[in-house]
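Residue numbers (the numbering used here): 37 to 1182.
Beneath this line is the structure, given in C-alpha cells, with notes to follow.
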C-alpha cells in the first residue's frame, strides 16, 4: 500500500481534512484510479471491525466513496464492483451498475456452460465420482468446473440436493467456492421448511470459517436481543401463571382421569407455557448455539440474559466444554473469572456430574458465590443429588454460619428468576403441602424418598413448609424428625440455617400463616433430636454460637433452644414438679446419670455425644457465658414482666445446664471468679459447682442489727442479731446429697443395671455398663460417709444463742438470708432446706417454735409473689415441716397461723395469689388441714371464689378437691384393710391362748380326781367358775390373761426403749427428745379383777393404731376414744397342797 494514499485516508479519518479535500489530494497523486479505489476498499473493509478504527470511521468512508462516485464515473464503477454484496443495501446504485457491467462482459466474452448431463456426460460423471468419494477438498470440485465448463449453479443445486437429503456435514466444505448469497438462501429456506439441526450447523460453520460475519448475520436476521426478548417475556409471563396453578393441591375424582377432574383452564395455561418455551428454544439463535462445535462463547454471551441453558442441547454442550477445560488445568480454570462466570450462567442446568465432583476437590479455590449460583442449583436438578450434596457440604462447611446463611439466601433468590426453577418451586409447594397433610407415624417411611428430592429441588420451600408444620403441630410428635432423618447433610444444614434465620427475625416468610412464639418448644425439640442423631456431621459448634449470641441479647427463644439441646443430647432435664422417685434419683451422687444410662440403647454413643457437646460448650468459657446470661435474664425486669412462667423456664434451664456441667469431672470453677468476675448470685454459684463452706463464709451478710430483749432477771439486754458466718457458709455449701442417702433407690438402679448386663451380649456395651455399676457402688459408699461426717460436725453448734438467749431476730435473718431464697430456687433446694432444719433441730440449739413463728409471718408474702414453680417449692417445704411438726410438736398453733395466712390469700382479688395458694394446699394435703374447723374454713373460702367457667382458678380448685378426696379415700381403704388384718391377728392370739388354757385345766382336773374323792366337788365348782369366765367378753382367755397382757406390754415398752437408745447412738435424733417422748408411753393399771388400757385421745384413729413417737402399738378394732377395754382377770386358784396344808393347820 502506497504511503501517500494511506496518509490522505488517515488524515480524513482523523478529521484533519474533509471529504472534498481528501478527493482533491487523491486526484493529485500519481497513481491509477484502480490503485486508489483498492486502497480505499481495504480501509472500508477494515472499518467494519470496531476494534481497528474509531466507531464512526465506517460512516466517514461511506461518505468519501459516495462523493468520489458522484464526481467520477470510473471511481463509481470500480467501487460498486469491488464492494461486497452485503454492502449493496448501503449503495443503492451498485445493483444497476453490476447488471450493466455483466451484460457488457457477456456480449464481449461468451463461454459455453453445461447445465445438463446429456450435453456433457463425461463432465458430470467426474462430478458424480467426486461427490460419491466424499472428497473434502474444494479444489477437486473447482478443477472439474474449469476443465469441463460445468455451470457452477448446476453443481451448487446438485450439491445442495445431496446435502438436503443426506444431511451430511462433510459436504459443507465445498461451500467456500460458492457465493454467500446462494448459501444463505439455501440455509434459511431449509430452516424455514424443516428446522433441521444440519442447516444451523452449516450456518455456524460459515461463522466459524469467517465466510459470514456476526454483524452480517445480525443485519440479516436481527440481533439476539431483538429476536428473542419477546419470546422470553411471553414465556416468563405464562410460567408465572402456570406455576400458580401448579401450587394448588388438586384431587383426581374417583372413576375419572386427570383431564376430567382438573379445570380446563389449567391445561390451557399449561399448553401455552409449553408452546412459548418450545418457541424460545427453537428460535434461530438458540438452535444455532446448540449445534455450535466448538461451543460458541461469543454468541452465548450475546444471549446469556435469556438463560439459553434452559435448552438441554445447549446445557449439555456447555457442560462438556467446561469440563474439558477444567480437566486440562483445574487451578487455572478456577482462577479465571470468565470461567466462573460461565459456571454461574450454567447454574442448575449442568448435566455433567463429574464437573461438580471434581470442582469440590478444590474447596480452597471455590468462592462463595459459586455455591449459590452453580454448585447448589446444579444439585437440585441432578439425578445423583444426594451424593453430590455430600461432596458440596464437605466444602461449604468450612465457612462460618453467617456466610453459609447468605449463600443459601442468594440461592433462594435465584430460584425465583429462572423459568425451570419457578416450575420446580411450584411443584415443591404442592407436594410439600399434600405430603404434610397425609403423613403420619404409620406411613412416614413412604415419604422419605420424596422428602429427599424436595429438599434438594427446592430447599427453601421445603424448609418453610416444615417450619410451618412445626409451629402448628397439635400435639407435638416425632414426624418432623422422622421425615428428615434420611436427608443429606447439605439439606439439613440448609434447614437449620433457614429456621435459625427465621428465629432471629422472629417471623416466617411473607406467605406463612404461622409465627414463631417466644418459647418455640417444638422447634427446639426438633433441633435437639436432630443434633442428638447427627451431632458429628452437622454444624453443632455454629448452632451453639448462634444460641450464645441470642442469649447475650437476652432473647427467650434461644433459651428454649439451649434447654432442648442439652435435654436431648445429654439426657439431663430439670422440669420441676418432681415426683418422689425423681427426687430420690437426684438425691444420690451419680445416681441420675446411671439411671439415664439404663434408658439408652447405646451407652457408649450417649457418652461420646455428651463429651462432644461438653467439649464444644466449654470452648472459651462458653458454658460460663451462657450461665451468666441466664442469671442476668432471671433478674431482668423486662423479661420477668412477660409472665411468671417465663421466669420458671429460665430457672429450669439454668438448673438443667448446671446438672449437665456437673456430670463432667473436668469442669471446675473458682467460687471467687464466679461471684466477683461473672457476678453470679450465691444460689446460682452453689448449683454451678460444689462449694466449700469456708469459702462461702466471707460472703455472709455483714449488716448486724441490735435488738433489745428481756433476760430472766428482767434486765434489758442489747444483743447482736447478725447471722453466724459458719451457719451461712454451711447452709449454702451443702445440698440434699449431704444429708440424705437414697439407699433404696441406689439398690434399685444397681439391680436394674445388673439385669441389663446379663442380657447384653455386645462386649463394648457390657463393659461400659459394668463400669457404670462400679462407679455407682463407689458413689453410694462415698455419699454415706460424707453424710455421717457432716452430721457429726453439726452436733453441739450454738448458732442461734446470743448471750445465752435465743432471739427471733436471728431466725428472721436465717429465713431472709438463707431459707427463703433457697426454697424458691428449686424443689430439690426446698427439700434440702427441710433436711437442714431437721438436722439443726436435732443437733444444735435451734428452736423450732421460733422458726415456725417467723416463717408464718413471711408465708403469705412469699406465696403472693411466687411463680407457679416457686409455689410448688413452698408447698413441698411446708409439707415436710408439717410432717416434722406432726411427729414432734403440738400442731394446733402452727396450723392456726397458716390457716390465717391462707385465708388472707384466698380473699385477695388476685388470680395468681389464689392459684399459688391452691398449689401450696395441694402439696400439704396429707398433713393439712387436720382440724375440722380449719378444713371447713378452707373449703368455704374455695367454694366462695367466683370465677368464670373453664378458668384456671376453677380448674385448680377442682383438681385440689379431687386429689384430696382421692387421697383420703385411698387412705381410708388402706386403714380399713390394716384394721381388719390387726383384728384377725388379735382374735387368733386370743383363740390360741384360750385353747391352751382349756387343755391345761382339763389335765389338771383329771389329776386331782384321782387323788381324792373329796376334791371332786371342788373340781366341779372350779370348772363352773372357768366356764363363767369363758363367757365374759369375746374370746376371753380365762388363764391369767390380765397378768400375761401386762407382762407383754411391759416387754414391748422395754423393746421400744432399746430401739430408741440404738437410734440415738446412730445420731438419728438427740437424747433430749428421747427423754421427752418416753412420757408418752402408757402403762396398764389393775382395777380389781380387771386391768384397763386407757386409749389416748390422739391415738383414736380409724385404723385402730397408736401413733407414738417411736412405735406404733396395735389396739383392737372396737377401742374408742376415751373408753376402756377390760381384760377379764382369772381368779387365783390355790394349789392343792397349800389348801391341804391350810386345812391341816386349821
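C-beta atoms are modelled at their ideal positions from N, C-alpha and C, and glycine is treated no differently.
Delimiting residues of the alpha helix (DSSP H) encompassing residue i
{"i": "residue 866", "result": "863-879"}
{"i": "residue 884", "result": "884-900"}
{"i": "residue 25", "result": "The requested residue 25 does not occur in the structure, where the chain is confined to residues 37 to 1182."}
{"i": "residue 573", "result": "Run containing residue 573: none; DSSP gives neither H nor E here."}
{"i": "residue 600", "result": "592-606"}
{"i": "residue 41", "result": "39-49"}
{"i": "residue 716", "result": "It is not in any alpha helix (DSSP H) - residue 716 carries neither H nor E in the DSSP assignment."}
{"i": "residue 103", "result": "93-107"}
{"i": "residue 302", "result": "300-317"}
{"i": "residue 444", "result": "437-450"}
{"i": "residue 427", "result": "421-432"}
{"i": "residue 467", "result": "455-474"}
{"i": "residue 414", "result": "412-416"}
{"i": "residue 985", "result": "Premise fails: residue 985 is in no alpha helix (DSSP H) and is neither H nor E."}
One or two residues paired with residue i in a DSSP bridge
{"i": "residue 527", "result": "In DSSP, residue 527 forms no bridge with anything."}
CB contact flag (residue i, residue j, <8 angstroms)
{"i": "residue 379", "j": "residue 441", "result": "no"}
{"i": "residue 327", "j": "residue 233", "result": "yes"}
{"i": "residue 1183", "j": "residue 973", "result": "The chain is shown from 37 up to 1182; residue 1183 falls before or after that span and cannot be answered."}
{"i": "residue 872", "j": "residue 775", "result": "yes"}
{"i": "residue 110", "j": "residue 69", "result": "yes"}
{"i": "residue 1188", "j": "residue 362", "result": "Residue 1188 is absent from the model: the chain starts at 37 and stops at 1182."}
{"i": "residue 493", "j": "residue 520", "result": "no"}
{"i": "residue 401", "j": "residue 415", "result": "no"}
{"i": "residue 67", "j": "residue 104", "result": "no"}
{"i": "residue 942", "j": "residue 978", "result": "yes"}
{"i": "residue 859", "j": "residue 938", "result": "no"}
{"i": "residue 894", "j": "residue 955", "result": "no"}
{"i": "residue 321", "j": "residue 271", "result": "no"}
{"i": "residue 782", "j": "residue 816", "result": "yes"}
{"i": "residue 7", "j": "residue 690", "result": "In the structure displayed, the chain extends from 37 to 1182; residue 7 sits before or after that span and is not available."}
{"i": "residue 435", "j": "residue 524", "result": "no"}
{"i": "residue 406", "j": "residue 392", "result": "no"}
{"i": "residue 80", "j": "residue 101", "result": "yes"}
{"i": "residue 509", "j": "residue 567", "result": "no"}
{"i": "residue 785", "j": "residue 627", "result": "yes"}
{"i": "residue 21", "j": "residue 334", "result": "The requested residue 21 does not occur in the structure, where the chain is confined to residues 37 to 1182."}
{"i": "residue 835", "j": "residue 760", "result": "yes"}
{"i": "residue 1", "j": "residue 951", "result": "The structure shown does not extend to residue 1, since the chain spans only 37 to 1182, so no value can be given for it."}
{"i": "residue 792", "j": "residue 634", "result": "yes"}
{"i": "residue 958", "j": "residue 996", "result": "yes"}
Supposed close pair residue i, residue j - CB separation, criterion 8 angstroms
{"i": "residue 342", "j": "residue 273", "result": "That pair is no contact at about 14 angstroms."}
{"i": "residue 285", "j": "residue 469", "result": "5 angstroms"}
{"i": "residue 267", "j": "residue 319", "result": "6 angstroms"}
{"i": "residue 29", "j": "residue 528", "result": "One cannot answer for residue 29 here, as it falls past the ends of the chain, which runs 37 to 1182."}
{"i": "residue 288", "j": "residue 305", "result": "Their Cβ separation, rounded to whole angstroms, is 18 angstroms, which puts residue 288 and residue 305 out of contact at 8 angstroms."}
{"i": "residue 358", "j": "residue 375", "result": "7 angstroms"}
{"i": "residue 76", "j": "residue 107", "result": "Incorrect: roughly 14 angstroms between the Cβ atoms, too far for contact."}
{"i": "residue 447", "j": "residue 499", "result": "So it is not a contact: roughly 12 angstroms between Cβ atoms."}
{"i": "residue 507", "j": "residue 557", "result": "Going by Cβ atoms, the distance from residue 507 to residue 557 rounds to 10 angstroms, so no, they are not a contact pair."}
{"i": "residue 484", "j": "residue 576", "result": "Wrong, their Cβ atoms sit about 24 angstroms apart, outside the cutoff."}
Taking only runs of the alpha helix (DSSP H) that begin and end inside the segment 954-983, which ones reach a length of at least 4 residues, in chain order? 968-979
Which ranges would you report for the alpha helix (DSSP H) in the segment 319-386 if only whole runs of at least 4 residues count? 320-326, 333-339, 348-364, 366-371 and 373-382
Contiguous alpha helix (DSSP H) assignments of at least 4 residues, all confined to the segment 615-671: 616-622, 627-635, 639-653 and 658-670
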